Amino acid sequence: MEVRERADFIILYFDKNEDIIVELEKVVREYMIIEAKVTGSGYLNRLEYGVLTQSDPIFFSKYLVDKLLTVTNFHGRILERELSLMVNAIDSDNVIHSGKVFSTNTEIDLILTLEVLRTE
0 MEVRERADFI
10 ILYFDKNEDI
20 IVELEKVVRE
30 YMIIEAKVTG
40 SGYLNRLEYG
50 VLTQSDPIFF
60 SKYLVDKLLT
70 VTNFHGRILE
80 RELSLMVNAI
90 DSDNVIHSGK
100 VFSTNTEIDL
110 ILTLEVLRTE
């Protein structure tokens, strides 16, 4: 992963077969980010995501997709150093996948932008 800093923004350029969640958590620790907005798009070859099915206690139904996906939108936040990332994606069979991201494998051309709002 390549990291570029631009004013209050951190832009992440992912290599193939990286897990977005793991890499984002490393960036949060390294840059001591407390609060940020996360956006992005690109391509995945694996996605594990969840859909909220119960709110008290919180429970997600999890889904695993092991095929090429076009991600039209990643949208999330880092709040008190905790990451929450949502995804909207479509696969080659035109099936839409949308929910909370738990793990990924990047394919090509995946870029995330963090708008850093607060650091230590």
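Using numbering that gives the first Met the number 0, read the sequence shown as starting at 0 and increasing by one per residue.
Just so you know, even glycine gets a beta-carbon here, dropped at the ideal spot from N, CA and C.
Since this is a predicted model, take the numbers as computed values, not measurements.
Inter-residue spacing [alpha-carbon to alpha-carbon] between residue i and residue j
{"i": "N104", "j": "T52", "result": "25 Å"}
{"i": "S129", "j": "S60", "result": "Outside the displayed span of the chain (0 to 119) sits residue 129, for which this structure offers no information."}
{"i": "S102", "j": "N16", "result": "11 Å"}
{"i": "I110", "j": "N93", "result": "22 Å"}
{"i": "K99", "j": "V21", "result": "15 Å"}
Nearest neighbour of residue i, chosen from the options [CA to CA]
{"i": "E79", "options": "I9, E4, I33 and S91", "result": "I33"}
{"i": "E24", "options": "E119, Y42 and E81", "result": "E81"}
{"i": "E114", "options": "V94, H96 and H74", "result": "H74"}
{"i": "I89", "options": "G41, V27 and I10", "result": "G41"}
{"i": "I95", "options": "P56, V50 and I57", "result": "V50"}
{"i": "M31", "options": "I9, G39, T38 and L46", "result": "I9"}
{"i": "A35", "options": "Y48, R76 and S83", "result": "R76"}
DSSP state of residue i mapped onto helix, strand, coil
{"i": "V50", "result": "strand"}
{"i": "R80", "result": "coil"}
{"i": "E29", "result": "helix"}
{"i": "I19", "result": "helix"}
{"i": "E24", "result": "helix"}
{"i": "K36", "result": "strand"}
{"i": "L67", "result": "coil"}
Residues bridged to residue i [DSSP beta-bridge criterion]
{"i": "F101", "result": "Answer by DSSP bridge pairing: none, since F101 is not bridged."}
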